[in-house]
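Asker:
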Amino acid sequence: MKALILEQYGQFCYREIEKPIPGARDVLIRVKAVAICGSDVHGYDGRSGRRKPPLIIGHEASGVVEAVGGAAAKFAPGDRVVFNSVLYCGECAYCRSGRFNLCREGRTFGVSCDDYRQEGAMCEYIAVPERIAYRIPASVSFEQAALIEPASIALHAVNATAVRLNDTAAVFGAGAIGLMLLKALKRSGCGRVYIVDVDEAKLEIAEKSGADRCIPANRLDAVKELRALTGGNGVDLAFEAVGVNETFNGALASLRKGGGLTVLGNVSPKLEFPLQTVVMNEIRIAGSYGCATEYETAIDLMASGRLDVSDCISATAPLAEGQQWFDRLRAREKGLLKVVLLP
Ligand SMILES: [Zn+2]
Ligand SMILES: [Zn+2]
141 MKALILEQYG
151 QFCYREIEKP
161 IPGARDVLIR
171 VKAVAICGSD
181 VHGYDGRSGR
191 RKPPLIIGHE
201 ASGVVEAVGG
211 AAAKFAPGDR
221 VVFNSVLYCG
231 ECAYCRSGRF
241 NLCREGRTFG
251 VSCDDYRQEG
261 AMCEYIAVPE
271 RIAYRIPASV
281 SFEQAALIEP
291 ASIALHAVNA
301 TAVRLNDTAA
311 VFGAGAIGLM
321 LLKALKRSGC
331 GRVYIVDVDE
341 AKLEIAEKSG
351 ADRCIPANRL
361 DAVKELRALT
371 GGNGVDLAFE
381 AVGVNETFNG
391 ALASLRKGGG
401 LTVLGNVSPK
411 LEFPLQTVVM
421 NEIRIAGSYG
431 CATEYETAID
441 LMASGRLDVS
451 DCISATAPLA
461 EGQQWFDRLR
471 AREKGLLKVV
481 LLP
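In my numbering, the protein residues as written are 141 to 483.
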């Protein structure tokens with residue numbers, strides 16, 4: 141089969157390798173679409189240390205079941221599927237309570253770091269345990285289905301937050317996750333959702349997706365704008381989908397007293413913030429990592445048309461052209477959201 145292999149940092153090679161053989165409880169999936177994640181972009185050039193070459197990257201994928209192992213019973217060849225981006229054990233205390241994202245043995249597909257190496261989906265076939273795969277209906281295209289994983293991440297962040305009816309929320313970061321957060325927050329009963337980014341092309345997309353106000357942080361003081369929009373009080377909820385000092389502190393400073401800050405972004409391993417603001421304003425900070433049981437929710441929302449992710453897809457391209465799309469994403473091309481590669 142053909143695979144896009146990261147041969148050394150920054151450099152892919154599209155070449156022939158051996159097709160995987162499914163284990164007894166595996167399904168062999170013919171990959172139809174695989175999206176490039178922000179973490180892939182931060183990894184392929186060596187910045188994150190989590191994509192050590194040689195490696196097949198990719199954890200946001202959809203496809204068709206090609207074959208099943210001898211003891212696998214959930215799927216049949218021809219079924220359209222997606223699979224969890226994390227290969228969780230299914231047996232530890234976290235897995236047993238449905239918190240798959242916290243699994244003691246969890247490995248993300250397409251990641252190689254100091255602890256493990258797990259090949260990903262930027263190739264023609266991947267074998268995964270059937271217990272982590274989900275069926276997708278015909279109403280969801282393979283390209284859209286590749287975004288079920290990032291959509292689940294946005295839904296998980298909303299589920300990690302105590303949203304109350306008519307809350308006002310600010311989302312820092314108008315990338316694909318920020319955009320899906322915006323849509324999920326509207327579904328969850330938020331009255332107004334504001335979105336902040338330095339890329340005005342992305343903000344234009346966010347505006348069309350229903351943002352009540354888009355704030356270009358490259359030109360305006362986002363905290364001041366958010367305060368003005370809330371009569372000086374600050375927003376009820378803030379979502380940090382970037383993970384650097386400026387955005388974390390912006391999110392924190394834009395909250396009202398007693399507000400909630402949900403953090404998904406983690407580009408910087410460490411950052412500095414005013415502790416006294418958190419303590420004296422009784423700010424609730426919640427970390428949100430990956431997703432747990434949100435796959436089924438995301439599939440249902442997409443299949444029924446209640447969560448449309450098509451505007452998050454900037455481009456689809458053959459897998460063979462992966463290199464140039466990684467490079468363009470790394471160069472932070474304006475307005476470039478999700479790129480979906482087709483093996
Ligand atoms: Zn991802
Ligand atoms: Zn586990």
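The beta carbon of each residue, even a glycine, is placed where N, CA and C say it ideally should be.
Is it right to say N241 is buried, meaning 16 or more other beta carbons lie within 10 angstroms of its own, or is it exposed?
Answerer: The residue is buried, with at least 16 neighbouring Cβ atoms inside 10 Å.
Asker: Does the separation of the CB atoms of K342 and G315 fall below 8 Å?
Answerer: In contact: K342 and G315 (Cβ atoms closer than 8 Å).
Asker: Please specify which runs of the alpha helix (DSSP H), each continuous and at least 4 residues long, are wholly inside the stretch 177 to 230, giving them in chain order.
Answerer: As far as the stretch 177 to 230 is concerned, its whole alpha helix (DSSP H) runs of at least 4 residues are 178 to 184.
Asker: Is it right to say R244 is buried, meaning 16 or more other beta carbons lie within 10 angstroms of its own, or is it exposed?
Answerer: By the 10 Å Cβ count, R244 comes out exposed.
Asker: Under the three-state reduction of DSSP, which class applies to Y266: helix, strand or coil?
Answerer: At residue 266 the sequence reads Ile, which differs from the Tyr that was named. Three-state result, I266: strand.
Asker: Could you tell me if the beta carbon of G230 falls within a distance shorter than 7 Å of some heavy atom in ligand 2?
Answerer: yes
Asker: Taking a contact to mean a Cβ-Cβ separation below 8 Å, would you say L469 touches I176 in this structure?
Answerer: yes
Asker: Out of A286, D339, D376, which has the shortest C-alpha to C-alpha gap to L481?
Answerer: Ranking A286, D339, D376 by Cα distance to L481 puts A286 first.
Asker: Assuming R367 contacts S394 under a Cβ cut-off of 8 Å, what Cβ separation, rounded to an integer in Å, is found between them?
Answerer: That pair is a contact at about 7 Å.
Asker: At what residue ranges does the stretch 350 to 408 contain a whole run of the beta strand (DSSP E), taking only runs of 3 or more?
Answerer: 353 to 356, 375 to 380, 395 to 403
Asker: Kindly indicate the opening and closing residues of the beta strand (DSSP E) around R170.
Answerer: 166 to 175
Asker: Which first and last residues belong to the beta strand (DSSP E) in which C235 is found?
Answerer: That residue, C235, is in no beta strand (DSSP E); its alpha helix (DSSP H) goes 233 to 236.
Asker: Consider the C-beta atom of H199 and the heavy atoms of ligand 1; say whether any pair is separated by less than 7 Å.
Answerer: yes
Asker: Taking only runs of the alpha helix (DSSP H) that begin and end inside the stretch 282 to 338, which ones reach a length of at least 4 residues, in chain order?
Answerer: 282 to 285, 288 to 299, 316 to 327
Asker: Quick one, which of E147, Q151, A143 has its alpha-carbon nearest Q463's?
Answerer: Distances from the CA of Q463 to each of E147, Q151, A143 were compared; the closest alpha carbon is that of Q151.
Asker: In whole angstroms, what separates the C-alpha of V159 from that of A391?
Answerer: Residue identity check: residue 159 is Lys in the sequence provided, not Val. So the two alpha carbons sit approximately 46 Å from each other.
Asker: Distance, Cα to Cα, D254 vs R187?
Answerer: C-alpha of D254 to C-alpha of R187: approximately 14 Å in a straight line.
Asker: Take K478 as the anchor and find which of T301, S279, G198, M420 has the nearest alpha-carbon.
Answerer: G198
Asker: Please name the residue in G203, V375, Y429, D361 whose C-alpha comes closest to that of V303.
Answerer: V375
Asker: Check each candidate in A278, A309, R396 and name the one with the smallest Cα separation from G445.
Answerer: Checking every option, the nearest Cα to that of G445 belongs to A278.
Asker: Could you work out which residue in P409, C232, R353, V221 is closest to E200 when comparing CA atoms only?
Answerer: V221
Asker: Is Y234 close to ligand 2? I mean its beta-carbon at under 7 Å from any heavy atom of the ligand.
Answerer: yes
Asker: Applying the criterion that 16 or more other CB atoms from any shown protein chain within 10 Å of the CB defines a buried residue, is Q148 buried or exposed?
Answerer: exposed
Asker: Can R244 be considered in contact with ligand 2, in the sense that its beta carbon sits closer than 7 Å to one or more heavy atoms?
Answerer: yes
Asker: Thinking C-beta only, is Y429 closer than 8 Å to I288?
Answerer: no
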